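Take 461 as the starting number for the sequence shown in my numbering and just add one per residue.
Ideal Cβ positions, reconstructed from N, Cα and C, are used throughout, including at glycine.
None of the values given here were measured: they were computed from a predicted structure.
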Amino acid sequence: MGPVNHRKDFNIRAHIFLCITGILFYRYLAWKCKHFHLSLRRFVEELEGIRFALVKEKTNSKVKLVVEEMSSKQARLFSQLDMGVYMGNR
């Protein structure tokens with residue numbers, strides 16, 4: 461990410477708040493999955509590899525959010541972080 465040029469005090473404060481919130485969330489996820497013994501870089505790479513797709517059913521034209529095929533490590537991370545809750549298909 462390149463430099464951010466904010467000139468107004470409010471924009472600077474909002475930017476700092478969002479950066480710190482992002483770092484805290486990132487570290488929380490890493491803490492929650494620390495027993496996987498992954499570096500933070502590898503942890504993010506594994507999460508980035510989890511792919512979702514919208515699938516339209518032929519019978520009733522409903523659209524569902526599904527998870528594409530993932531590795532066993534990605535499946536364990538998906539389960540540990542309880543990501544299925546956010547899919548809305550339960």
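- Nonlocal neighbours in the same chain, by C-beta distance under 6 Å from R550, ignoring five residues either side: Any reading at R550 is ruled out, since the residue's pLDDT is 48, under 50, leaving its predicted position unreliable.
- Item | Backbone secondary structure at L498 - three-state DSSP | coil
- C-alpha distance - I510 paired with M530, whole-angstrom precision: 6 Å
- Expressed to the nearest angstrom, what Euclidean distance is found between the alpha-carbon atoms of F477 and T519? 47 Å
- Item | Between the CA atoms of L489 and G482 - distance to the nearest angstrom | 11 Å
- Task: Quick one: grab the DSSP three-state call for L541.
- Result: coil
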